[in-house]
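Novice:
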Amino acid sequence: MGKVILTGDRPTGRLHIGHYVGSLRRRVELQNSGEYEKIFIMIADAQALTDNAGNPEKVRQNIIEVALDYLSCGLDPAKSTMFIQSQVSELTELAFYYMNLVTVQRLQRNPTVKAEIIMRGFAENSEDEAASNKKGIPVGFFTYPISQASDITAFRATTVPVGEDQEPMIEQTREIVRKFNSTYGETLVEPEILLPSNAACLRLPGTDGKAKMSKSLGNCIYLSDSAEEVWAKVKGMFTDPGHLQVSDPGKVEGNTVFTYLDAFCRDEHFGKFRDCFVGKKASFTFNSLDEVKAQYRAGGLGDMMIKNFLNAVLNDTLEPIRQRRKELEKNLPYVYDVLRKGSQVAQAEAAKTLAAVKHAMKIDYFEKGVLEELLKEQTEKFK
Ligand code: ATP
Ligand code: MG
110 MGKVILTGDR PTGRLHIGHY VGSLRRRVEL QNSGEYEKIF IMIADAQALT DNAGNPEKVR
170 QNIIEVALDY LSCGLDPAKS TMFIQSQVSE LTELAFYYMN LVTVQRLQRN PTVKAEIIMR
230 GFAENSEDEA ASNKKGIPVG FFTYPISQAS DITAFRATTV PVGEDQEPMI EQTREIVRKF
290 NSTYGETLVE PEILLPSNAA CLRLPGTDGK AKMSKSLGNC IYLSDSAEEV WAKVKGMFTD
350 PGHLQVSDPG KVEGNTVFTY LDAFCRDEHF GKFRDCFVGK KASFTFNSLD EVKAQYRAGG
410 LGDMMIKNFL NAVLNDTLEP IRQRRKELEK NLPYVYDVLR KGSQVAQAEA AKTLAAVKHA
470 MKIDYFEKGV LEELLKEQTE KFK
């Protein structure tokens, strides 16, 4: 059996560099590796609605933003099926049946859901207490790990390339698969998570230094930000608060500028952007990021210099993405066409799994041959 990928993003905003290093860059590499038989990339609008129920327009408008980001990063409709979750109703049906296999207590233990409940102001201990006490936790949001299990299993995904925050979701999916297969017979495929190999990419921090760059936190550098916007954000980034004078020794650990460099910098950048390290007071020649870090730790290397370099490094990746996006923005019907066709392909695939699931669960009464069998058996019974 060939390897299959399923992954996706919520259309709650444009995609940012955290998505890029955590998942998107990897997807494009995997897509082009030729090692995967099928690749499904989902825009999770139904999931986005679980915590944006009152804001359907936001979700609707962000479908195209995410799709534009996909295509400009190099996802290729000839190799990857890009689709919209809500257009594949089989996914909702699967989730309904999987709900019987998961306990409320198990969902309550999910650390990502716990953190998100607080972040979104759904719980009593949320940051915004006044708002949160009124809100409560929407049932749909609470159960989204189950819906994610349907998304993954519907496509018989073997591999799910995602950021670290998704680990508990994949674990939940694996549990559902095992429970389903042991209860109803071998039907579903157990997926593996594929995490970024570089530690900085597991969970890229925000420009404010917060643990995760997230659309919902407003601490993002977007793939579609202009060069000016990127520079303004880089300039305002946190470094080491103890690094007051250029001559002071600086800390690299927990310094977001260095975390971003860890995620984006390649050796070729040192030749290409040599000028960034030429200053009025001091100049340096570096050939690797380790050398930059050593100098920063020793002192004498200013924050402006490393920010300038980071800015150049980021734009080196972002400029081609921006250019492709500009072209695609002129051809929106094409982008929707990709999504419509992708959704049709995805639906056909999910329908096969749903049929197998219903068969295993003995709720396939009117499928070919099933009723005949049932009638034969029950006619005997009622004789
Ligand atoms: P939201 O705040 O609406 O949840 P988000 O920014 O967390 O948005 P998602 O759509 O939930 O983005 O995540 C899509 C994918 O990107 C997931 O695989 C997730 O692990 C990955 N991802 C998101 N943020 C980061 C990050 N800061 N670092 C690494 N990977 C990330
Ligand atoms: Mg998220």
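In my numbering, the protein residues as written are 110 to 492. Built from N, CA and C at the ideal position, the CB exists for glycine as well.
(1) Residue 329 to residue 320, Cα distance in whole Å?
(2) If you count every other CB in all the chains shown that lies within 10 Å of the CB of residue 142, and 16 or more means buried, which is it?
(3) For a test of your reading of the model: does the CB of residue 131 fall under 7 Å from any non-hydrogen atom of the ligand ATP? Yes or no.
(4) Count Cβ pairs between the region 291-298 and the region 473-490 that sit closer than 8 Å; are there 3 or more?
(5) Quick one: grab the DSSP three-state call for residue 78.
(6) Quickly, what does DSSP pair residue 301 with across the bridge? List them, please.
(7) Can you find a heavy atom of the ligand ATP that lies under 7 Å from the Cβ of residue 271?
(8) I'd like to know if the region 261-280 and the region 454-468 are in contact, where contact means that at least 3 CB-CB pairs between them fall below 8 Å.
(9) Would the C-beta of residue 116 count as close to the ligand ATP, meaning under 7 Å from any of its heavy atoms?
(10) Please determine, among 411, 405, 374 and 377, the residue with the shortest C-alpha to C-alpha distance to residue 390.
(11) Between which two residues does the alpha helix (DSSP H) containing residue 292 stretch?
(12) Quick one, which of 400, 365 and 393 has its alpha-carbon nearest residue 345's?
(13) Do you know offhand how far residue 409's Cα is from residue 316's?
(14) At a cut-off of 7 Å, would you count residue 154 as near the ligand ATP, judging by its Cβ distance to the nearest heavy atom?
(15) What is the residue span of the alpha helix (DSSP H) that residue 461 lies within?
(16) When every heavy atom of the ligand ATP is checked, does at least one fall within less than 7 Å of the C-beta of residue 112?
Specialist: Concretely, from the data shown:
(1) If I take the Cα positions, the gap works out to 12 Å.
(2) Residue 142 is classed as exposed because its beta carbon has fewer than 16 other beta carbons within 10 Å across all chains shown.
(3) Checking the Cβ of residue 131 against the ligand ATP gives yes.
(4) Per the Cβ contact rule, the region 291-298 is not in contact with the region 473-490 (fewer than 3 Cβ pairs under 8 Å).
(5) Residue numbering for the chain in the displayed model covers 110 to 492; residue 78 lies beyond these limits and cannot be assessed.
(6) Bridge pairing for residue 301: 268 [DSSP].
(7) Yes, Cβ of residue 271 sits closer than 7 Å to a heavy atom of the ligand ATP.
(8) Here the region 261-280 makes contact with the region 454-468; the two share three or more CB pairs at distances below 8 Å.
(9) The nearest non-hydrogen atom of the ligand ATP is less than 7 Å from the C-beta of residue 116.
(10) Nearest C-alpha to residue 390: 411.
(11) In the DSSP annotation of this structure, the continuous segment of the alpha helix (DSSP H) that includes residue 292 starts and ends at 276-293.
(12) The candidate whose alpha carbon is nearest that of residue 345 is 365.
(13) Between residue 409 and residue 316, the C-alpha separation is close to 24 Å.
(14) If you check the C-beta of residue 154 against the ligand ATP, you find no heavy atom less than 7 Å away.
(15) 441-469 is the extent of the alpha helix (DSSP H) around residue 461.
(16) Shortest gap from the CB of residue 112 to any heavy atom of the ligand ATP: 7 Å or more.
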